[in-house]
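Remember, our numbering sits 511 above the position in the sequence shown when you count from 1.
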Amino acid sequence: SVGFTARLRFLGLIGGRIDIVGCKIAWGVTRTQDDCAMNQMRDEAALLGPAVLIAEGNPALREVTRRTLSRMRLNDRPVAVLTAATVIDVQNLLKMRDDIAVVLLDADLDGTDRGLGLASYIRAVLRNRLVRIVVMGGVKAGRSEANLFEWYEINDYREREELVGGRLTACVAAALRAFAEVRALAE
């Protein structure tokens, strides 16, 4: 990114400093730091393929998953891999980015069932039916696999032990293809 600092004086009365990194500003248009971040993300999305969001509370699992997926390509473009460690981080990323195609969701993110609540948040609050949600984690008492699909409108459920190496990339590749097909039908 190209960065520059501009010092402006308005009418000689008010002094101000504007720091801008990686964002073009047209004369007379005010852009916030969030606008610049959104433009930068759109530019990155144009170069990369669809994004996969890893929502995992365990730092070691999150890093292994990120490394494995960072080598993935779809239609000769690298897949963008995002990570989040908390429910709030996931919610913020989902609000800021519209290129997330797959969410690998830790069922017990933040140590509770709040991870599963994110699936409901994606479907009901964000009204996002396109993103493919793959829940990772063990089935606890009172929650069966069949119930997860019905209650939370998820697209896949996998035990963490299943998602190693080739199985992880195959699962994500299938979810990315499904996303592309659903998006094409929606358009």
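In this text, a Cβ means the ideal position worked out from N, Cα and C, and glycines have one as well.
Task: N- and C-terminal bounds of the alpha helix (DSSP H) containing residue 669 - done: If you number the sequence shown from 1, residue 669 lands on position 158. Careful: residue 669 lies outside any alpha helix (DSSP H), inside the beta strand (DSSP E) at 667-669.
Task: As assigned by DSSP and simplified to three states, the class of residue 607 - done: Position 96 of the sequence shown, counting from 1, holds the residue named residue 607. Helix, per DSSP.
- [ ] Specify the secondary structure class of residue 683 as computed by DSSP and reduced to three states.
- [x] Within the sequence shown, numbered from 1, the residue matching residue 683 stands at position 172. The answer is helix: DSSP assigns residue 683 an H, G or I state.
Open item on the list: Could you compute how far the alpha carbon of residue 714 sits from the alpha carbon of residue 674?
Closed with: Residue 714 is absent from the structure shown; the chain starts at 512 and stops at 698.
Task: Between the CA atoms of residue 689 and residue 519 - distance to the nearest angstrom - done: Residue numbering aside, residue 519 sits at position 8 when the sequence shown is read from its first letter. Residue numbering aside, residue 689 sits at position 178 when the sequence shown is read from its first letter. Since pLDDT at residue 519 reaches only 28, below the 50 mark, its modelled position is unreliable, and no value is offered.
TODO: For the alpha helix (DSSP H) containing residue 591, list its first residue and its last residue.
DONE: Here residue 591 corresponds to residue number 80 of the sequence shown, with the count starting at 1. In this chain, residue 591 is not harboured by any alpha helix (DSSP H); it is covered by the beta strand (DSSP E) spanning 591-595.
Task: Nearest candidate by alpha-carbon position, reference residue 564, set 570, 639, 615 and 628 - done: Taking the sequence shown and counting its residues from 1, the one referred to as residue 564 is at position 53. Selected option, being the one with the closest Cα: 615.
TODO: Would you mind sorting residue 647 into buried or exposed? The rule is 16 or more other CB atoms within 10 Å of its CB.
DONE: On the sequence shown, position 136 is the one that residue 647 refers to. Its Cβ being crowded by 16 or more others within 10 Å, residue 647 is buried.
Open item on the list: Check this for me: beta carbons of residue 583 and residue 683, under 8 Å apart or not?
Closed with: Locating residue 583 in the sequence shown gives position 72, counting from the first residue. Locating residue 683 in the sequence shown gives position 172, counting from the first residue. Yes, these two residues count as a Cβ contact at 8 Å.
Task: Candidates 581, 609, 598 and 670: closest to residue 694 by CA position - done: To locate residue 694, count along the sequence shown from 1; it is residue 183. Nearest C-alpha to residue 694: 609.
Open item on the list: Measuring straight from C-alpha to C-alpha, what distance separates residue 585 and residue 686?
Closed with: Stepping through the sequence shown from its first residue, residue 585 is reached at position 74. Stepping through the sequence shown from its first residue, residue 686 is reached at position 175. Going from the Cα of residue 585 to the Cα of residue 686 covers about 12 Å.
Open item on the list: Taking a contact to mean a Cβ-Cβ separation below 8 Å, would you say residue 604 touches residue 595 in this structure?
Closed with: By one-based count along the sequence shown, residue 604 stands at place 93. By one-based count along the sequence shown, residue 595 stands at place 84. Yes; because the gap between Cβ atoms is below 8 Å, this pair is in contact.
Open item on the list: I'd like the span of the beta strand (DSSP E) that includes residue 562, first residue to last.
Closed with: Taking the first residue of the sequence shown as position 1, residue 562 is located at position 51. Note, residue 562: beta strand (DSSP E), 562-566.
Task: Assigned secondary structure, residue 659 (DSSP; H/G/I helix, E/B strand, else coil) - done: Walking along the sequence shown from the start, residue 659 turns up at place 148. Helix at residue 659.
Open item on the list: Quick check: residue 601 and residue 580, are their CB atoms within less than 8 Å of each other?
Closed with: By one-based count along the sequence shown, residue 601 stands at place 90. By one-based count along the sequence shown, residue 580 stands at place 69. For residue 601 and residue 580, no; Cβs fall outside 8 Å.
TODO: Leaving aside the five residues before and after residue 569 along the sequence, list all residues of the same chain whose C-beta is less than 8 Å from its C-beta, in chain order.
DONE: Within the sequence shown, residue 569 is the residue found at index 58, counting from 1. Excluding positions up to five away in sequence, the list reads 617.
TODO: Leaving out five residues on either side along the sequence, give the residues of the same chain with a beta carbon under 8 Å from the beta carbon of residue 622.
DONE: The sequence position of residue 622 within the sequence shown is 111, counting from 1. Counting only Cβ-Cβ distances below 8 Å, and skipping sequence neighbours, we find 568.
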